RNA sequence: CGGAGUUUAGCGCAGCUUGGUAGCGCGCCUGCCUUGGGAGCAGGAGGUCGCAGGUUCGAAUCCUGUAACUCCGACCA
């Protein structure tokens with residue numbers, strides 16, 4: 413539609429080229445910029461503020477579940493990586509090394525951390541003596557580096573920001589419970605705060621974290637039908653405890669290895685936020701995470717400003733008193749129409765327009781970002797109305813994302829069907845799997861889709877392996893993934 | 001890491017085939033004017049053409065190399 417295009421001429425439509433849309437949107441919305449180093453980005457203030465909001469919400473949940481924050485070093489001695497074979501093999505291709513300082517070679521090379529299991533494991537071995545020292549429940553907010561061959565802003569960058577939780581427990585049962593608890597924390601956060609529905613499940617052995625006994629994930633569907641792993645939680649068993657000799661003396665006077673867990677969520681989640689909710693006008697932020705929830709735009713010629721501006725200021729105060737994150741744009745050198753488009757592009761959930769006509773009617777015009785709907789409310793009830801509306805938008809965005817995901821998900825009885833689903837219909841395919849790595853690899857080779865996870869509650873159970881036709885051990889979600 | 005494409009003003013692009021004084025739109029600055037879906041007029045600033053070599057009297061343009069970005073593949077919690 414020509415008029416539609418006119419509003420957003422700076423952004424490539426999603427239907428034309430989803431990748432271009434994504435890059436256009438994050439650039440125009442001023443979330444990031446490319447850095448001079450390959451594969452690295454700058455989080456500009458508007459992008460970093462979103463991350464701060466995510467940090468704030470997650471950190472509160474971690475603390476409510478008994479965790480405390482700490483910070484471990486960026487550099488990890490080479491010898492640490494050699495202690496856990498699977499771990500070193502998993503990360504070796506993407507590790508950068510510090511080999512010399514001031515022109516002199518180091519005795520031992522230092523890796524820039526890709527994740528901190530090893531250095532934290534080493535420290536835990538020093539700190540833990542007795543069952544009375546357990547559990548250890550620590551989280552770290554940090555940057556990590558993985559030298560990726562192919563990068564994409566927020567989704568896969570050479571350096572990224574994340575949190576990594578690392579816990580140590582006396583028993584397997586307790587550690588497994590922790591692993592699941594944190595997966596639930598992620599799920600609750602992503603679904604209720606980011607309005608993104610996820611699929612909870614277990615990773616197949618080929619997709620699990622190097623060094624883990626079991627990896628669990630939450631998977632989300634982007635608007636192009638591709639999957640994005642939104643968070644992971646690992647039960648590491650005694651693997652790292654054995655490698656780093658993390659032992660404790662139990663009540664029965666026996667020396668035992670601890671059971672460890674780790675769990676992480678990264679700035680990649682910003683990519684999900686953008687690709688789940690964004691549309692051809694740009695970003696669309698769920699109210700609970702939006703740094704600015706409401707933008708007030710006073711309207712009218714010079715001669716009415718004396719009347720409009722104080723009223724608009726009162727409106728801002730009323731909303732602020734109702735704990736709504738509100739800002740006013742009263743710049744005179746931008747037209748109202750320009751501002752409408754600008755803040756829609758930036759994803760602000762609600763816009764309030766206040767002009768002479770509104771004042772005459774003692775009302776304010778309210779516009780929803782999610783539906784584009786225009787409403788009015790009496791000025792003195794605006795704060796109450798907007799608060800209700802923000803909740804409604806939050807829910808509507810979630811419902812819409814659920815409907816989209818369900819619409820694009822269905823079961824596949826054979827590999828051809830699976831390929832149609834992921835390549836032509838651009839969706840998720842539910843399929844049986846015999847448990848053989850070779851069958852999983854074959855699906856990837858033929859269809860381009862990888863196993864996302866073995867869902868805890870699949871919509872149906874599949875009987876036969878999608879590749880070899882033998883009885884299925886598991887029902888698995890397959891999708892093309894970021 | 002392989003294949004393809006791109007790189008010229010803050011952004012988007014033309015100019016390159018056929019070598020000869022650096023262009024357009026938007027944005028930016030000044031002034032006037034203007035405000036309910038990206039207003040208008042006038043004047044103005046801004047670029048060693050990604051980088052390094054080479055060919056040539058002369059290179060944005062031709063050749064070689066290199067870097068970054070985008071897409072497709074390989075690899076990848």
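Numbering (the numbering used here), first residue to last: 413 to 894.
We put the CB at the ideal spot given by N, CA and C, even for glycine.
Predicted model, so just to flag it, every value in this text is computed and none were measured.
| Item | Value |
| --- | --- |
| Closest by C-alpha distance to residue 494, when choosing among 890, 700, 656 and 810 | 656 |
| Residues sharing a beta bridge with residue 675, DSSP | 577 and 645 |
| Environment of residue 783 [buried if 16+ CB atoms lie within 10 Å] | exposed |
| Residue environment, residue 705, which counts as buried when at least 16 other CB atoms sit within 10 Å | buried |
| Segments of 4+ residues assigned as alpha helix (DSSP H) that fall wholly inside the segment 763–799 | 768–772 |
| Test item: CB-CB of residue 631 and residue 639 under 7 Å | yes |
| Buried versus exposed, by CB contacts within 10 Å (16 or more), residue 875 | exposed |
| Enclosing beta strand (DSSP E) for residue 446 [first to last residue] | 444–446 |
| Residue 447 to residue 747 span [Cα, whole Å] | 33 Å |
| Rounded straight-line distance, which links the Cα of residue 816 to that of residue 432 | 21 Å |
| Where residue 865 sits in the DSSP three-state scheme | strand |
| Validate contact between the segment 864–878 and the segment 825–845 using beta carbons, cut 8 Å, 3 pairs | yes |
| CB-CB length for residue 674 against residue 578, believed under 8 Å | 5 Å |
| Check whether residue 863 and residue 888 have beta carbons under 7 Å apart | yes |
| Where residue 886 sits in the DSSP three-state scheme | strand |
| Residue environment, residue 454, which counts as buried when at least 16 other CB atoms sit within 10 Å | exposed |
| Contact set for residue 509: own chain, Cβ-Cβ below 8 Å, skip 5 residues either direction | 490, 521, 522, 523 and 524 |
| Cβ shell of residue 891 (< 8 Å), same chain only, five flanking positions each side left out | 631, 633, 637, 638, 639, 834, 839, 840, 841, 861, 862 and 864 |
| For residue 472, the nearest candidate out of 551, 794 and 567 (CA to CA) | 551 |
| Meets three-Cβ-pair contact criterion under 8 Å: the segment 591–605 and the segment 687–701 | yes |
| Contact check, residue 559 vs residue 506, beta carbons under 7 Å | yes |
| Every unbroken alpha helix (DSSP H) inside the segment 676–705 [4 residues or more] | 680–689 |
| Between the CA atoms of residue 649 and residue 684 - distance to the nearest angstrom | 30 Å |
| Reference residue 732, options 811, 719, 619 and 708, closest by Cα | 708 |
| Stretch-stretch touch, CB-based, cutoff 8 Å, three pairs: the segment 725–744 with the segment 685–694 | no |
| For residue 505, the three-state DSSP class (helix, strand or coil) | helix |
| Residue 582 and residue 543 closer than 7 Å at C-beta | yes |
| Residue interval of the beta strand (DSSP E) (run including residue 844) | 840–845 |
| Burial state of residue 770, where buried means 16 or more other Cβ atoms lie within 10 Å | buried |
| DSSP-derived helix/strand/coil call for residue 520 | strand |
| Alpha-carbon spacing of residue 557 relative to residue 530, whole angstroms | 15 Å |
| Own chain partners of residue 775 with C-beta closer than 7 Å, once the 5 adjacent residues on each side are dropped | 788, 789, 790 and 791 |
| Proximity to residue 652 [Cα-Cα], best of 570, 534 and 456 | 534 |
| Where the alpha helix (DSSP H) through residue 929 begins and ends | Absent from the structure is residue 929, since the part of the chain shown begins at 413 and ends at 894. |
| Same chain, Cβ closer than 6 Å to residue 856, five either side skipped, listed in chain order | 862 |
| Residue from 873, 848 and 805 with nearest C-alpha to residue 822 | 873 |
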